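These notes concern the structure reproduced below.
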Amino acid sequence: MKSLVCLCLSILVLLPLQASELKRVKLHLVGDSTMSDKPNLAYPERGWGQLLPQFLTPQLTIVNHAANGRSTRRFLNEGRWQLLLSELGKGDYVLIQFGHNDSKQSDPARYAAADGDYQRFLQQFITDVRAKGGIPMLASPICRRNFADDGSLKRDLATYANAAAKVASESEVSFFDLQQQSCDFWLQLGKAAAQPYFIQVPPDLYAKFPDGTTDNTHLSVQGASKIAQFFVRDLKAQQHPLAAYVYRELL
2 MKSLVCLCLS ILVLLPLQAS ELKRVKLHLV GDSTMSDKPN LAYPERGWGQ LLPQFLTPQL
62 TIVNHAANGR STRRFLNEGR WQLLLSELGK GDYVLIQFGH NDSKQSDPAR YAAADGDYQR
122 FLQQFITDVR AKGGIPMLAS PICRRNFADD GSLKRDLATY ANAAAKVASE SEVSFFDLQQ
182 QSCDFWLQLG KAAAQPYFIQ VPPDLYAKFP DGTTDNTHLS VQGASKIAQF FVRDLKAQQH
242 PLAAYVYREL L
């Protein structure tokens, strides 16, 4: 019995020591509203980057630069990218995820064609990060809950997901196909069961939506948690260096 107690105490002592051996690093997040922090916690919308720290050890600092309504073009033209570069340290990681707003052809300030400027901007981001001694990573845009009448899922951002995968392959950076994972998951659930992962608010509750709203793009707490879970599980599946900082896969 005494030896068993000693063994248990030894394990308890060793666990924090192992965690403390992790080098402190930063992961910068770059993207749109599906990734960004939402400071108004009274409203149910969340970005998946906002939930990501809940899966990680404190030795990995998350710096969330993602912002609502941004595309590759707008993020660059507004100076947000330059601000990130000014804060980027050697050995920092940068995860880049765009597509939702790049696809808005009616808005020239944001539109970036999947087979043109979108890829060019991603390549520029990768080059800039490497020039600062950072480590770039790409993710495809998450899937909308956009079901057709026959129950199939419309993958309206597939061209951007494919373009991101192409750039990642050509530039030899880690790629996280959150589009494929989320599309497959929504399709498996079906239209009704996938709804709680997205925003749905009743009328006469929020001033922003007095008549209520159903939003098939932006995530609820449940949806943001699920996308963050996809990401950390993919870190482990790829045996990525940041997988060492994942301390749980379930909230």
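The sequence shown maps to residues 2 to 252 in the working numbering.
In this text, a Cβ means the ideal position worked out from N, Cα and C, and glycines have one as well.
Remember, predicted model here, so these are calculated numbers, not experimental data.
Starting from residue i and walking both ways along the alpha helix (DSSP H), at which residues does that stretch end?
i      : result
Phe122 : 118 to 132
Phe148 : It is not in any alpha helix (DSSP H) - Phe148 carries neither H nor E in the DSSP assignment.
Leu236 : 222 to 238
Gln51  : 49 to 52
Tyr198 : From DSSP, Tyr198 is part of no alpha helix (DSSP H); its letter is neither H nor E.
Leu83  : Per the sequence shown, residue 83 should be read as Gln rather than Leu. Unbroken alpha helix (DSSP H) run through Gln83: 81 to 88.
Asn163 : 159 to 172
Nearest CA to the CA of residue i: which residue from the options?
i      : options                        : result
Thr35  : Lys24, His66, Phe186           : His66
Phe249 : Pro242, Arg234, Gln240         : Sequence inspection shows Arg at residue 249; the Phe mentioned does not correspond to that position. The shortest C-alpha separation from Arg249 is found at Arg234.
Val31  : Ser141, Val168, Ala194, Arg146 : Ser141
Asp150 : Ala193, Val202, Ser175         : Ala193
Leu220 : Phe210, Lys39, Leu86           : Lys39
Lys133 : Asp103, Gln83, Pro109          : Gln83
Arg71  : Tyr119, Asn41, Asp185, Gln125  : Tyr119
Leu28  : Leu236, Lys105, Asp212         : Leu236
Leu43  : Lys227, Ala244, Val222, Ala238 : The residue asked about is misnamed: residue 43 is Ala in this sequence, not Leu. Selected option, being the one with the closest Cα: Val222.
Asp216 : Arg146, Leu154, Leu23          : Arg146
Ser172 : Gly90, Gln106, Val130, Leu251  : Val130
Ala166 : Leu123, Ile200, Tyr246         : Leu123
Gln125 : Leu251, Phe177, Asn78          : Asn78
Ala113 : Phe148, Cys144, Thr73          : Thr73
Gln182 : Leu154, Ala169, Ala208         : Leu154
Gln196 : Leu139, Thr218, Phe176, Pro137 : Thr218
Leu188 : Phe148, Asn69, Ser37, Gln230   : Phe148
Leu252 : Lys227, Ala244, Val168         : Lys227
Glu46  : Val26, Asn69, Val64            : Asn69
Glu88  : Gly135, Arg75, Phe210, Asp108  : Gly135
Leu190 : Gly213, Thr214, Ala208, Gly152 : Gly152
Phe199 : Met138, Arg75, Thr214          : Thr214
Arg111 : Phe76, Leu139, Pro203          : Phe76
Met138 : Lys209, Ala169, Gln180         : Ala169
Within the continuous beta strand (DSSP E) that includes residue i, where are the two ends?
i      : result
Phe176 : 175 to 177
Lys27  : 26 to 32
Asn41  : Element bounds for Asn41: n/a, residue is neither H nor E.
Met36  : Neither: Met36 is in no beta strand (DSSP E) and is coded neither H nor E.
Leu139 : 136 to 140
Leu61  : 61 to 65
Cα separation between residue i and residue j?
i      : j      : result
Gln240 : Phe232 : 12 Å
Pro59  : Leu23  : 10 Å
Arg121 : Ser104 : 15 Å
Leu85  : Asp33  : 15 Å
Thr62  : Gly92  : 13 Å
Asp116 : Ser175 : 20 Å
Ala225 : Gln55  : 11 Å
Asn41  : Cys144 : 24 Å
Ala332 : Val26  : Nothing about residue 332 can be reported from this structure: the residues present for the chain run from 2 to 252 only.
Asp185 : Arg156 : 10 Å
Asp178 : Pro242 : 17 Å
Quick check on residue i: does DSSP put it in helix, strand or coil?
i      : result
Pro242 : helix
Ala110 : coil
Thr73  : helix
Asp185 : helix
Asn102 : coil
Gly193 : Correcting the residue identity first, residue 193 is Ala in this sequence and not Gly. Looking at Ala193 - three-state DSSP - the assignment turns out to be helix.
Touch test, the stretch 91 to 98 against the stretch 145 to 161, Cβ-Cβ under 8 Å, three pairs minimum:
no
May I ask you to verify whether the stretch 47 to 57 touches the stretch 100 to 107, counting CB pairs closer than 8 Å and requiring at least 3?
no
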